[in-house]
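Residue numbers (the UniProt record's numbering): 1 to 519.
Note that beta-carbon positions come from the ideal geometry of N, C-alpha and C, so glycine has one too.
From a predicted model like this one, the values you see are computed outputs, not experimental measurements.
For reference, the structure discussed in these notes is given below.
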Amino acid sequence: MLLDYQYSLWGLPEGSNERAKIKHEVHLRSARKLQELCFRNGGIYIKLGQHIGQLEYLVPQEYVLTMRESMLNKCPVSSYDQVCEVFKKELGETPDKVFDEFDPKPIASASLAQVHIARTHDGQKVAVKVQHTHMTDTAAADQATVEFLVNTLHRLFPSFDYRWLVAEIRESLPKASCLKIPLSEFTLSRNLDVLYNCFLSIRRDIGFDWFWAFQELDFLIEAKNSVKCLENFRKLSPHIADYVYAPEVHWSLSTSKLLTMEFMDGAYVNDVITIQKLGIQPSDVARLVSQTFAEMMFKHGFVHCDPHAANLLVRPLPSGKRRIFGKKKPQLILLDHGLYKELDFSTRFSYASLWRALVFSDANGIKEHSVKLGAGEDLYVLFAGILTMRPWNRVIDPAVDHLVIKGTDSDRSELQMYASQYFPQISELLRRLPRVILLMLKTNDCLRAVNNSLLQGSSLETFLIIGRVSSEAVVEAKMTQMKSLFSRIDIWFEEFLFEARLLALQIAFWLLRVRNALT
């Protein structure tokens, strides 16, 4: 692919129409090659393709569209014989014995597993998630191979620096039991001896002497994550707990490689037509998605880090509650709880403080908390731009809609121009940021893609929600640290000022909507 770029663009002047045309063709050709590679190898490679499909403003559109159309729920499937093999190993029986009914054809297939519809012997309809048989055997070797290739390509072509993406994919794999094993102590299978020797010969140069070896990809951890997620909403965010749901787990029919859950009917979060047919406003869904993940990030510190469209369903609130004008209220159903990340108190406080500063155009606060999160004093401006997808002059603009992305071609072109212009600095920033922050960026990428589907851009109301929840989280965190009465009075006064600013933003938002409606 790199040679294709070098050869095809050789001698074509920058900025010329001919170069732009050829570049588009190479992008499309290379995206299809990458898609084919991901499908052929499966597992971690599909995870890589899924993530590329979310980087709408960082990688060329040809890659984003190609990956997004194929990588979410159209991945290669395991055969029914392979499914039976997993069942026999895990439960001692074939699916037709374990369940009263079992559809051998999966309704969806992802990078690590596929989902079948079944019915239990007591008549309950369930979804059964079955791990692909090859995952345990190949996960460590696949990850090492990807890391080796990316690091080697960076050595050969310094401008090709995607080492941050490898680190992010490493963090994105479902967390089970894992060991940090030095390569010198790791025995690879016979067919990887050559690769192993290559690792040993260049590991000092390229800066890694270990990789993560996964003993198992444990679906029981995923099940426990879903339970903890809902508990957090009930305890820490009771005001929206009824609006967020996760399928109930059938523990007696679940193991580390099989997960049996309540079957959920609903519309995918990016299926606007079906959502409207259900009597739900897409804008209500966008608000609920923003509120849900803001609560997770800023208050719970336990975050679902893979909220792409195939993992989010929407249905009418089971209680039947409606809005004033008769539209049904939505309930968000969270699927695939394999990838969660816990934010410690310091990180959660700094991240909430940073987003509060971004919403309120507080340049000093943006710098202070960006530095605390690892961006450094030299790249904090770029960090703010990546989080908001806005240039710095817009980030600190006091206008009420300063962070809103309209989703127009000009907006997209401007952001892609910045991404191309500052790619070396972006790569350096992503390399130095802590892995947990990279996962927050991945989560933001997914949520931004969801919002774009629902609203054709971002919404001012989304940022008002983020501003409110982040401000509440900062105040709550400070209250737990301050013991004296005077300190608490200072915090209460700070909270009053932020409430006043939020009210002013809300009024400005409504005035802006009225003005837009009249023009």
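Secondary structure note for residue 235: its alpha helix (DSSP H) is the uninterrupted segment 219-236. Burial is judged here by how many other beta carbons sit within 10 angstroms of a residue's own beta carbon; residue 251 has fewer than 16 and is exposed. In the structure shown, residue 245 adopts extended strand secondary structure according to DSSP, grouped into three states. Per DSSP, the unbroken beta strand (DSSP E) holding residue 304 starts and ends at 302-304. Between residue 62 and residue 31, the gap from beta carbon to beta carbon is short of 9 Å. Assignment of residue 125 by DSSP, reduced to helix, strand and coil, places it in the strand class. Taking the C-beta atoms as reference points, residue 267 is found no nearer than 9 Å to residue 249.
Per DSSP, residue 260 is one residue of the beta strand (DSSP E) stretching across 258-262. In this structure, residue 469 and residue 298 form a Cβ contact; the two beta carbons are roughly 5 Å apart against a cut-off of 8 Å. Taking C-beta separations shorter than 7 Å and ignoring five residues to either side along the sequence, the partners of residue 28 in its chain run 62, following chain order.
Under a 10 Å Cβ-count criterion, residue 130 is classified as buried, with 16 or more other Cβ atoms of the shown protein chains found around its own Cβ.
Excluding sequence positions up to five before and after residue 237, its CB lies within less than 6 Å of the CB of 295, all in the same chain and listed in chain order.
A direct Cα-Cα distance of roughly 12 Å separates residue 305 from residue 229.
Note that the C-beta distance between residue 389 and residue 348 is not below 9 Å.
In the DSSP secondary-structure assignment, residue 115 is bridged to 108, 129. Remark: C-beta atoms of residue 258 and residue 86 approach each other more closely than 9 Å. DSSP lists 267, 332 as the beta-bridge partner residues of residue 314. In the structure shown, residue 102 adopts extended strand secondary structure according to DSSP, grouped into three states. Secondary structure remark: continuous alpha helix (DSSP H) runs of at least 4 residues inside the region 429-495, in chain order: 435-455, 460-481. Between the C-alpha atoms of residue 341 and residue 440 there is a straight-line separation of about 9 Å.
For the 9 Å CB-CB criterion, residue 332 and residue 289 form a contact.
For the 9 Å CB-CB criterion, residue 260 and residue 83 do not form a contact.
By DSSP's assignment, residue 341 forms a beta bridge with 303. Between residue 503 and residue 463, the CB-CB gap reaches or exceeds 9 Å. Taking C-alpha positions only, residue 80 is separated from residue 467 by approximately 49 Å. For residue 293, the closest alpha carbon among the candidates 11, 245, 46, 8 is that of 245. The residues 94, in chain order, have a CB closer than 8 Å to that of residue 88 in the same chain once the five nearest residues on each side in sequence are set aside. Exclusion of the five residues before and after residue 354 leaves 366, 369, 370, 373 as the residues of its chain whose Cβ lies within less than 7 Å of its Cβ. By the Cβ neighbour-count rule, residue 500 is exposed, with fewer than 16 other Cβ atoms within 10 Å of its own. With respect to the 9 Å criterion, residue 313 and residue 335 are classified as neighbours on the basis of their beta carbons. DSSP places residue 93 outside any alpha helix (DSSP H), giving it a letter other than H or E.
When DSSP states are grouped into helix, strand and coil, residue 68 belongs to the helix group. For residue 367, the enclosing alpha helix (DSSP H) starts and ends at 363-372.
The criterion of a C-beta distance shorter than 9 Å is satisfied by residue 111 and residue 50. The beta-bridge partner set that DSSP reports for residue 322 consists of 328.
Note that the C-beta distance between residue 310 and residue 454 is not below 9 Å.
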